[in-house]
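Since the structure comes first, as C-alpha cells, the remarks are kept for the end.
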Amino acid sequence: MVVQVKSSAHHSSKTMEGSQQKVEANILLLGAENVGKSALTVRFLTRRFIGEYGDMESVYSHSDRIDGREICFNIWDSLYPQNCATPGYVSEEQLQWADGFILVYSICDRASFQVVRQLVQRIRQARKGAERAAPVVVVGNKRDLQHRRAVSGEEGRLLALAADCGFFEISAAEAYHGVLAVFHALLELIRRARALKKGAGLRGIVRSVSAVFGRRRTE
Ligand SMILES: Nc1nc2c(ncn2[C@@H]2O[C@H](COP(=O)(O)OP(=O)(O)OP(=O)(O)O)[C@@H](O)[C@H]2O)c(=O)[nH]1
Ligand SMILES: [Mg+2]
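Residue 91 in full-length UniProt numbering sits at position 91 of the sequence shown; the count goes up by one each step and never skips.
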C-alpha cells in the first residue's frame, strides 16, 4: 500500500483494459462526515478495523489479482467540506478523476442519507451519456448498530434502484467480506461501462462512415 499525494494520482491510465492484463480503476469515496469512508477504505486495504481514522484525505494505490488479472485500485478517501452550503457537493476535479463512486451513508444518520441522495443527483447530472457514464455503488454503513437505525434497508435499496446504482448494507466495523464485495462490485460496473463506451465509440465510427459514404445497395 502506498499513500500518494493527490495530484500525482491524477494521471493514472484508464486505457489498460483489453489487450494488456492490467486494469486500473480510480475509485472515489464520498459521503457526509463520520459515516465510515476511511473505515471502509482501511478495511479494504488492510482487512482491519482500527476504530479512529482522523480527518485526513488521501489517495491510496492498491494492487490485487482478481480472476487472473492484475487490478490497480486508486482510492480517494475524501473529506466532506465543512459547513457545506451546497448539499451533495462534488468538485470538478473529483468528477474528472473518478472512474467510479462509492457513496457512503450511516444507517444511523438520516442526514447522511440525504447527502447521498444529493450526491447521486449531482453525479448523474454531471456525467450523462455513455461517454461519461459514472458507475456508482451506494453503501449503508454501520449495520451493526441496528438499535440506532434511522434509515431502513428498503429506502437505501430504492434510492439505488431508482438511480441505477449498486447497493450494499455493511458494517466496516464487523466484517471484511462486505467491504470487499463493495469494491469488487464497483470494479465490475467500471469494466462494463468501459466495454459499453468502447462499443459506443465503434458504433459512432460506423455511423459517421455511413453518413459520409452512404449505404451500399445490394439489390
Ligand atoms: N459501529 C460502527 N462504527 C463505525 C463503522 N464504520 C466506522 N465507524 C466509526 O465511525 C467513526 C467515523 O468513521 P470514519 O471512517 O472516520 O468516517 P469518515 O466518513 O471517514 O469521517 P470523515 O473523514 O471525518 O468525514 C469512527 O469512530 C469509526 O470507528 C461501523 O461499521 N460500525
Ligand atoms: Mg475519513
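Don't be surprised by glycine CBs; every beta carbon is placed ideally from N, CA and C.
By DSSP's criteria, residue i is part of a beta bridge. Which residues make up the other side?
| i | result |
| --- | --- |
| N26 | N74 |
| G31 | V104 |
Since residue i and residue j should fall inside the 8 Å C-beta cutoff, what is the C-beta to C-beta distance between them, to a whole number of angstroms?
| i | j | result |
| --- | --- | --- |
| A126 | F101 | At roughly 11 Å, the Cβ-Cβ gap does not stay under 8 Å, so A126 and F101 are not in contact. |
| A160 | V138 | 4 Å |
| N26 | N74 | 5 Å |
| F113 | V151 | 5 Å |
| W97 | L28 | 7 Å |
| E169 | R143 | 5 Å |
| R43 | A172 | 5 Å |
Around the C-beta of residue i, are 16 or more other C-beta atoms found within 10 angstroms, so that it is buried, or is it exposed?
| i | result |
| --- | --- |
| C165 | buried |
| S63 | exposed |
| A119 | Looking at the sequence provided, one finds Leu at residue 119 rather than Ala. L119 should be labelled buried. |
| R148 | exposed |
| K128 | exposed |
| T15 | The predicted model places T15 with a pLDDT of 44, which falls under 50 and marks its position as unreliable; any figure quoted below should be read in that light. So T15 ends up on the exposed side. |
| E57 | exposed |
| K22 | exposed |
| G199 | exposed |
| S7 | Note on S7: pLDDT 36, under 50, position unreliable in the model; the coordinate value appears next. Classification of S7: exposed, given that the 10 Å Cβ count is below 16. |
| G36 | buried |
| E174 | exposed |
| S78 | buried |
| E24 | buried |
| I99 | The question names Ile, yet the displayed sequence has Asp at residue 99. D99 comes out buried. |
| L196 | exposed |
| G140 | buried |
| I71 | buried |
| L158 | exposed |
| D67 | exposed |
| S109 | Just to set this straight, residue 109 is Asp in the shown sequence, not Ser. The residue is buried, with at least 16 neighbouring Cβ atoms inside 10 Å. |
| A39 | buried |
| R192 | exposed |
| S19 | The pLDDT assigned to S19 is 49, lower than 50, so where the model puts this residue is not dependable; a value taken from the coordinates is nonetheless given after this. Result: exposed. |
| R194 | buried |
| G51 | exposed |
Given 8 Å as the limit, is there contact between the stretch 36-50 and the stretch 171-191, that is, 3 or more CB pairs closer than that? The stretch 36-50 vs the stretch 171-191: in contact.
Secondary structure, alpha helix (DSSP H): runs of 4+ residues fully inside the stretch 125-210: Runs of the alpha helix (DSSP H) spanning 4 or more residues and lying entirely within the stretch 125-210 occur at 153-162, in chain order.
Contact the stretch 24-41 vs the stretch 97-115: 3+ CB pairs below 8 Å: Under the Cβ criterion (8 Å, minimum of three pairs), the stretch 24-41 counts as touching the stretch 97-115.
Every unbroken beta strand (DSSP E) inside the stretch 59-120 [3 residues or more]: If we require 3 residues or more, the beta strand (DSSP E) runs fully inside the stretch 59-120 come out as 69-77, 100-106.
Answer yes if the stretch 77-96 comes into contact with the stretch 109-119, meaning at least three C-beta pairs across the two stretches below 8 Å, and no otherwise. Yes: the two stretches touch, three or more of their Cβ pairs being nearer than 8 Å.
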